[in-house]
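There are 4 protein chains.
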Amino acid sequence: MTKIKIGQVGLGRLGKVHASNIVKHVNNAELYAVASVVEQELEYASETLGVQHCYTSYSDMLDNDALDAVVIASPSGFHAVQITQALEKGLHVFSEKPIGLELENIRQVVDKIHDHPHKVFQLGFMRRFDESYLYAKDAVDRGELGKITAMRCYGIDPSSGLDRFIQFAKNSASGGLFLDMSIHDIDLVRWFTGSEFKTVYSLGNNIAAPELTACDELETGACLSELEDGTIAYFLAGRNAQHGYHVETEIIGTEGMIRIGNAPEKNLVTLYDKNGVVRPTSDHFPERFRFAFINEMNTFVSTIKNKDQSSVTAMDGLKSTEVAIAMQNSIETKKVITL
Amino acid sequence: MTKIKIGQVGLGRLGKVHASNIVKHVNNAELYAVASVVEQELEYASETLGVQHCYTSYSDMLDNDALDAVVIASPSGFHAVQITQALEKGLHVFSEKPIGLELENIRQVVDKIHDHPHKVFQLGFMRRFDESYLYAKDAVDRGELGKITAMRCYGIDPSSGLDRFIQFAKNSASGGLFLDMSIHDIDLVRWFTGSEFKTVYSLGNNIAAPELTACDELETGACLSELEDGTIAYFLAGRNAQHGYHVETEIIGTEGMIRIGNAPEKNLVTLYDKNGVVRPTSDHFPERFRFAFINEMNTFVSTIKNKDQSSVTAMDGLKSTEVAIAMQNSIETKKVITL
Amino acid sequence: MTKIKIGQVGLGRLGKVHASNIVKHVNNAELYAVASVVEQELEYASETLGVQHCYTSYSDMLDNDALDAVVIASPSGFHAVQITQALEKGLHVFSEKPIGLELENIRQVVDKIHDHPHKVFQLGFMRRFDESYLYAKDAVDRGELGKITAMRCYGIDPSSGLDRFIQFAKNSASGGLFLDMSIHDIDLVRWFTGSEFKTVYSLGNNIAAPELTACDELETGACLSELEDGTIAYFLAGRNAQHGYHVETEIIGTEGMIRIGNAPEKNLVTLYDKNGVVRPTSDHFPERFRFAFINEMNTFVSTIKNKDQSSVTAMDGLKSTEVAIAMQNSIETKKVITL
Amino acid sequence: MTKIKIGQVGLGRLGKVHASNIVKHVNNAELYAVASVVEQELEYASETLGVQHCYTSYSDMLDNDALDAVVIASPSGFHAVQITQALEKGLHVFSEKPIGLELENIRQVVDKIHDHPHKVFQLGFMRRFDESYLYAKDAVDRGELGKITAMRCYGIDPSSGLDRFIQFAKNSASGGLFLDMSIHDIDLVRWFTGSEFKTVYSLGNNIAAPELTACDELETGACLSELEDGTIAYFLAGRNAQHGYHVETEIIGTEGMIRIGNAPEKNLVTLYDKNGVVRPTSDHFPERFRFAFINEMNTFVSTIKNKDQSSVTAMDGLKSTEVAIAMQNSIETKKVITL
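Printed below as a string of structure tokens:
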């Protein structure tokens, strides 16, 4: 069994998660090469992970003919061109979301991907590979909830990161709360319902972080939307969960209701102390989704091995981005937006 | 200590709860008289509760000079006139919501109530007297959550009552899901935030009960609204909770978050059986709010005794009704409604 | 419907609960008289509860021929003689546990009670009237758990009362942890299983309160016992629950398992804050069992009305006391005790 | 970085878990060889895991000089001799518990291990590597619970395996419930408290599986024990948990209490359906401890790499076995056993 040779670009917070998983938990692959313009990231790859081929240029890495696939975890602005280059080199591609920063750009990449049907393209919607979400999806698909009538999706980052985000927002554009955070939730709604979005209407406030208003950012945003099949979907995104990293998804069906992450329990421990009866909580996304990240990368590799195509497509990225942009437009226009 | 002499009109499902509570759990009052056009209801009052004065006419009951106060639990269409008559007789009034069926009508009653400042008028928003809500209100008022940024209110009736509602809807008008059910939630949002509603935008569907579409009713309705202070409030009302009676309220603040009724636990029992780890749930509102109903009636009586005024005013009824009607209008116009 | 006229002796912490419940929540009874040697207690009865007949002597109260029944909530040392006197006056008796301080004494009272088969005698095992316990008992009786194989009973008082207990223990004898606290648990095991105790083996320690060793008291005590039908029962009693009042009962059966009070949730509130996801907890027994106390008193009164006999008998008191004393003996002898 | 070459003996249920983990999740090791007398097991190793060197004889495998370490997952009766042989060949050893079937035998192996201080010996107490237990251990070590006063350990196998166990028990000896199951719990108590056992007293019954009595086995066993530092420890072992695999550990301290696995939640999903509010549960130990198994094997390998010694020693195995045997003796003698 020869191992899939992966070259990864980008070794930031999320990039390190992927690189480390490939080395430690993806048996059928090896992290053959990395590319980064950050010296410490290459050092980390070389010394901690034992990667042999380290490049300061993505293009140079792609020139190494030994590669089978790339993992793209660079800043969002580079995704589109890096995906394109890799496909043109005949490589399989795993890319973090978003595919690109603008819709036109994304559509071009989607076309390019469709021109390479025998190359695996997988987008980093890792929640689909989380065991709790898989359990819920299986229950929904077996009909245990009957028909879906409404969904609710919360994505609230921990308060511990709020100050850092405020500093970031003073100098950079995140793309807005919905594009930055709700896009995972939008993907989940499409995945669970199999339906597309028809309308969105959004609100937002900065009660918890008034400084963000000057940066044209929101601390809390909410959106009420309708899908083509009539399902109602509600989204709440925020940057100030005092109890940790709160990702919660609710699916209400005609025969029952499921909540994933009703309380973001860290483990199976319950404390009984002066505060009451306490469940400790997940601190951040690398903790909450650590096994999902492993699963998604193993799936990418086995999809290549099996000459299959990924279930998380470029079109999923495009559609979710369209919805997130509409949610943001609704904030700006104070109107219901029809997709 | 002389007991407050109460005359009650209406002894349906909710009326029986009030009457029985007055007899059994309201020490400073006695159920002196009842009025109903339903013979069995008078029999129940006389035989089961031992009420001495039973009337087939509300006006006749009011002519009994011994009365101090009335409890109005008759069909909604009678509330306005019965409140007015009682006030004109110099009686204190506890009335179930709504005060009236139309806004103009309600405003007239509100004026009438304001003309009788020394008579207690209390509206039946019993949730404000539930110990879980009181605990949460106290936490909010002490500042434990910081400033409120968002709320979420669910009111979902048990599936066991859906067929009966469909039969009802074929012949009668409920006033719509928001007026019928969300009005309690609207009141809670006003109570917790101390702010008024600015805009509402609603959606609805009948995926779980297609027959309701022909009746111009909704099985599931949702509303996203903004308060004057910027708080975001989301409402979900439904008639098909398979697990029982689901009333849930979430308050997100800058310093933490509270959920009341996250799971509508029936008691302190946990079952570990073939289904997994199971918490039994409340079946319906008389069970969920049984102590709230007792507390609200005791409060009504002690307010009279203390020559005080109620904290649940006619204006609360008017404001909440205005919002519920706007929510319904949003469904019909598919637009964001500004209050 | 004439009301049962109750005379109550003792208006301490628990006595006040009973007296107040009779006045406010027991419709078919009136608190006709009270007896206490504590002046403030009589004042409380007279002023706060409006009791007409106040006595400084129990015997004098019994001489009032209007009485139908007595409620005995005096210090434990008086119970035996007060029960006897009341029965001899032809009165129904509700008595707090224990019936008496010594087995011989209790047996005499049991005989006396048996000599008055037409008088209701009810012992204050209020947990049997708690809705969670009733729900569990019903499930067990319906066979939902199959045959019972093992039980676990925790009774841990809140840490907030530990210092006060230590002061108390320096001057007085509580009868020991098992007689003071586990007796309720012993009664529950007999009630759920319908079986009697065969052997007990106990351990104890004072790691949390070394001062108690000099007082011949235990902060924590545990007992492993076997019932005649083979069921295993484990008991833990303690005086130092940091999270509040922890009463928990587990019933393991061949078809499933039930826990009552797995977490002693105060209400339906869940907090999501810096501590994690938190359920507030019950502070003490008057809070945890407030509705059980109301139910038990209503049951006492309706049992009298129905000329029935109580389901919580003097024999239940005797049997549970025998077991508690055996548990204490096991601590002293370090041996397995056979009953 | 050269990889540690592991030879594994035994590829049954648990053996497959280890072998698969070594291949997929232990980056610094390779599964170089396997030995088994079961043909299908060797086929599995060769075909599914791609193991190159497959032996029908453990001795033959040990003759392969390339090996660095062995993983022993064979039937318990072989452990002692296989550990000894491996040590004599100069190999590091990871062995499943028990070290041996009889105390004398185990003591000889412990001596042998002590004669090879530069070889890593790690015993398969995987719970110490579970993240929930590690979280609790860390809290205890930081003093969050104060001093430990009592512990409770439940290990109940799922009902789904009961029939199979009954068939097994008709032909084979499991060593008894305490040696087979409670040994993990005994180890946890020693690990958390740092104290040794002083006395044990056990009970058992076969209410759920009367057939086991003839096999001299117990379906349910319980033990109350005292540690040298005064801590009370209660154990319950069983083979009939209808809701799945129930491993629960409670640590009561002077400052608070911790429960690990209060409910054996399978994931973060909550169902709201006709049964109530339901948490799905773990089915069996490979599911519950899947990450613990990975962690323990990675720890074994990194301990070898770091020329360190394991924290889970042969002495831990010996001590826990002594306690389990005493628990079993208590059943037979119906007496308190002093260690």
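Residue numbers (the working numbering), protein chains in the order written: chain A, 2 to 340; chain B, 2 to 340; chain C, 2 to 340; chain D, 2 to 340. Ideal Cβ positions, reconstructed from N, Cα and C, are used throughout, including at glycine. No experiment lies behind these values; they were computed from the predicted model shown.
Asked	Found
Alpha carbon to alpha carbon, what distance is there between A74 (chain C) and Q9 (chain C)?	7 Å
Report yes if the CB atom of A293 (chain D) is closer than 9 Å to the CB atom of Y134 (chain D), and no otherwise.	yes
Mind checking if R280 (chain C) is an interface residue toward chain A, Cβ cutoff 9 Å exclusive?	yes
So, does the CB of A264 (chain D) fall closer than 9 Å to a CB anywhere in chain B?	yes
Under the rule that 16 or more other beta-carbon atoms within 10 Å means buried, what is V39 (chain A), buried or exposed?	exposed
Which residue wins for smallest C-alpha separation from E323 (chain D), given the options D:L88, D:V201, D:N263 and D:R289?	D:V201
Would A34 (chain A) pass as a contact of C55 (chain A) if the rule is Cβ separation under 9 Å?	yes
Specify the secondary structure class of V248 (chain B) as computed by DSSP and reduced to three states.	strand
Could you check if Q310 (chain A) is buried or exposed, using at least 16 other CB atoms within 10 Å of its CB as the buried criterion?	exposed
Could you work out which residue in D:T85, D:E89 and D:G91 is closest to I100 (chain D) when comparing CA atoms only?	D:T85
Residues of chain A with a CB under 9 Å from the CB of K148 (chain B): which are they?	I208 and A209
Buried or exposed, going by whether 16 or more other CB atoms sit within 10 Å of the CB of L104 (chain A)?	exposed
My assumption, with CB atoms under 8 Å, is that P265 (chain B) sits in contact with R240 (chain B). Please give the rounded CB distance.	15 Å between Cβ atoms; not a contact.
Give me the chain B residues within the contact set of L225 (chain A), using Cβ-Cβ distance strictly less than 9 Å, ordered along the chain.	Y202, S203, L204, A223, C224, L225 and Y235
What do you reckon, are the CB atoms on T3 (chain B) and A36 (chain B) nearer than 9 Å?	no
Taking the continuous beta strand (DSSP E) assigned at T271 (chain C), which residues delimit it?	V270 to D274
For chain A, is any of its Cβ atoms less than 9 Å away from the one on G257 (chain B)?	yes
Could you check which residue in D:A238, D:T221, D:V27 and D:N29 has the C-alpha nearest to that of T150 (chain C)?	D:T221
Taking 9 Å as the threshold (beta carbon to beta carbon), is D274 (chain C) in contact with chain B?	yes
Are the C-beta atoms of T271 (chain D) and some chain B residue less than 9 Å apart?	yes
Just to confirm my understanding: we take F166 (chain B), look at its own chain, exclude 5 residues before and 5 after, and list those with CB closer than 6 Å. What are they?	R240
Say whether chain D places a C-beta atom closer than 9 Å to the C-beta of Y136 (chain A).	yes
Quick check: what's the CA-CA separation for Y45 (chain D) versus L15 (chain D)?	14 Å
Would you say H244 (chain B) faces chain A, with C-beta separation under 9 Å as the test?	yes
Using the Cα positions of N296 (chain C) and F130 (chain C), report the straight-line distance between them to the nearest angstrom.	6 Å
With a threshold of 9 Å between beta-carbons, can H247 (chain C) be considered close to chain A, or not?	yes
Considering only C-alpha positions, which residue in the set D:G144, D:A242, D:Q109 and D:D317 is nearest to F198 (chain D)?	D:D317
Which runs of the beta strand (DSSP E) fall wholly inside the stretch 24 to 49 of chain B and span at least 3 residues, in chain order?	30 to 36
Closest to K98 (chain C) by C-alpha separation, out of C:K336, C:L219, C:V337 and C:T314, would be which residue?	C:T314
With a floor of 3 residues, list each beta strand (DSSP E) that falls wholly inside the stretch 140 to 166 of chain D, ordered by position along the chain.	149 to 159
Compare the C-beta of R260 (chain D) with all C-beta atoms of chain A and state if any pair is closer than 9 Å.	yes
Does the pairing of the stretch 241 to 251 of chain B with the stretch 233 to 249 of chain A give three or more beta-carbon distances under 8 Å?	no
Starting from the Cα of Q83 (chain C), find the closest Cα among C:Y59, C:D64, C:D66 and C:A67 and give me that residue.	C:Y59
To the nearest angstrom, report how far apart D61 (chain B) and V279 (chain B) are at their CA atoms.	52 Å
By a C-beta neighbour count over all protein chains shown, 10 Å radius and 16 as the cutoff for buried, is T300 (chain B) buried or exposed?	buried
Please check if any C-beta of chain D sits within less than 9 Å of the C-beta of E297 (chain A).	no
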